[in-house]
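In our numbering, the protein residues as written are 106 to 379.
Laid out in C-alpha cells, this is it:
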C-alpha cells in the first residue's frame with residue numbers, strides 16, 4: 106500500500122488503498138501532520154472508495170529537502186502527477202487545513218480532474234508577505250529558532266490546542282506526531298515553506314470553482330476559527346458548511362464518523378455501499 110514517486114527530483118510518499126471499481130478519494134493533510142492523521146477515517150471509507158493519502162513534502166515519509174519547492178501550486182502539480190502515474194482520471198478531494206488550501210488550488214488549476222471537494226477546517230484568506238518571508242528565509246539562525254520554538258511548545262501542547270477532547274491523546278499519537286521533529290532536516294524545510302507560501306486563493310479565484318464543495322469545521326477550533334467557514338461559502342458557488350459542536354481543529358482524530366457521514370451523504374448517487 107505504501108508507495109513512492111519522484112517528482113522534479115524529490116521523493117513523495119503516499120499510501121494507496123486500491124479499489125479500482127470505486128470512486129477515488131485523494132486525502133491531503135495539514136501543516137506538521139502526515140497521512141497518519143487519516144488512520145481513523147480511512148477504514149470508514151475504504152470499502153466504498155479507492156483512497157490515495159499523500160504525505161505532503163516535507164512531512165510524513167516524504168523527502169525532507171530544502172531544495173524542494175513548497176508552494177501550493179507545486180503541491181497541486183505534484184498531486185496531478187501522482188494521479189496521472191496511477192491512471193486516476195478524476196477524483197474526490199478531502200483536504201485538512203493546509204491540505205484544504207492545496208485542494209482548492211488543485212480545483213482552481215485542474216477543474217476537469219476533480220468531482221467533489223471536502224474541506225476540513227481549511228486555511229483561507231492568508232496573504233503572501235514577501236518582506237516577512239525574506240526576513241525569515243535569509244536568517245541563517247531561523248531553522249535553529251524554529252526547532253527551539255517547536256521544542257518549547259511541545260507536541261502534546263500542539264495536539265491539546267488542536268483537539269477539543271484532549272483525553273483522546275494517547276502515547277501512540279504523541280510518538281507519531283513527534284516523529285517529524287526528530288529529524289533535523291525538517292527545520293530548514295519549515296522555514297522554506299514560509300518563504301514559498303504564495304498566499305491563499307483570492308476571493309475572485311474562489312468564485313471560479315464550480316464544483317460541489319462541502320466544508321466541515323469544529324466550533325471549538327483554536328487554530329482557524331470556524332466563523333471563517335461562513336466567509337468562504339460566500340465566494341464558492343456550490344458550497345455547504347457543516348459545523349460540529351465540541352470539536353477542535355484536528356477533526357479526523359475526534360470526529361471521523363461525522364466526517365464519513367458527510368462524505369456518504371453527498372455521494373449517495375455515486376457510491377454503491379458494500
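The beta-carbon is built from N, C-alpha and C at its ideal position, and this holds for glycine as well.
Please check the pair residue i and residue j, which I expect to be a contact at CB under 8 Å, by giving their CB distance rounded to whole angstroms.
| i | j | result |
| --- | --- | --- |
| residue 172 | residue 158 | No, residue 172 and residue 158 are not in contact; Cβ-Cβ is about 25 Å, not under 8 Å. |
| residue 124 | residue 143 | At roughly 16 Å, the Cβ-Cβ gap does not stay under 8 Å, so residue 124 and residue 143 are not in contact. |
Is it true that the CB of residue j sits closer than 8 Å to the CB of residue i?
| i | j | result |
| --- | --- | --- |
| residue 202 | residue 304 | no |
| residue 365 | residue 146 | yes |
| residue 199 | residue 316 | no |
| residue 359 | residue 273 | yes |
| residue 331 | residue 348 | yes |
| residue 60 | residue 197 | Any question about residue 60 goes unanswered here, given that the chain covers just 106 to 379. |
| residue 298 | residue 209 | no |
Roughly how many angstroms lie between the CA atoms of residue i and residue j, to the nearest whole one?
| i | j | result |
| --- | --- | --- |
| residue 248 | residue 338 | Any reading at residue 248 must be qualified, since the residue scores a pLDDT of 47, below 50, and its modelled position is unreliable; the value itself is stated next. The alpha-carbon atoms of residue 248 and residue 338 are separated by roughly 37 Å. |
| residue 277 | residue 284 | 11 Å |
| residue 246 | residue 212 | Here the model assigns residue 246 a pLDDT of 42, short of 50, so the residue's position is not dependable, and the following value carries that caveat. Each residue's Cα considered, the two are about 37 Å apart. |
| residue 224 | residue 319 | 6 Å |
| residue 115 | residue 163 | 10 Å |
| residue 310 | residue 112 | 26 Å |
| residue 293 | residue 169 | 9 Å |
| residue 361 | residue 367 | 10 Å |
| residue 343 | residue 371 | 12 Å |
| residue 181 | residue 188 | 11 Å |
| residue 264 | residue 152 | 29 Å |
| residue 340 | residue 312 | 5 Å |
| residue 228 | residue 193 | 26 Å |
| residue 308 | residue 357 | 27 Å |
| residue 185 | residue 336 | 28 Å |
| residue 287 | residue 261 | 15 Å |
| residue 137 | residue 207 | 14 Å |
| residue 377 | residue 191 | Note that residue 377 scores a pLDDT of 48, beneath 50, so its modelled location is shaky; the value from the coordinates is reported in the next line. Cα to Cα, the separation comes out at about 23 Å. |
| residue 275 | residue 363 | 21 Å |
| residue 215 | residue 289 | 35 Å |
| residue 230 | residue 219 | 22 Å |
Going by beta carbon distance, what residues of the same chain come within less than 7 Å of residue i, once the five residues before and after it are set aside?
| i | result |
| --- | --- |
| residue 325 | 269, 351, 352, 353 |
| residue 106 | 120, 121, 122 |
| residue 109 | 116, 117, 118 |
| residue 267 | 328, 353, 354, 355 |
| residue 204 | 133, 134, 135, 161 |
| residue 156 | 122, 130, 132, 147, 150 |
| residue 166 | 118, 160 |
| residue 281 | 141 |
| residue 183 | 112, 117 |
For residue i, which residues of its own chain have a beta-carbon under 6 Å away from its beta-carbon, when the five flanking residues on both sides are left out?
| i | result |
| --- | --- |
| residue 322 | 226, 331, 334, 348 |
| residue 346 | 320, 334, 338 |
Ordered along the chain, which non-local residues of its own chain (more than five positions away) have a Cβ less than 8 Å from that of residue i?
| i | result |
| --- | --- |
| residue 279 | 260, 261, 264 |
| residue 217 | 195 |
| residue 271 | 264, 265 |
Exercise. Check whether the stretch 295–309 touches the stretch 175–187, counting contact only when three or more Cβ pairs, one atom from each stretch, lie closer than 8 Å.
Key: These segments touch.
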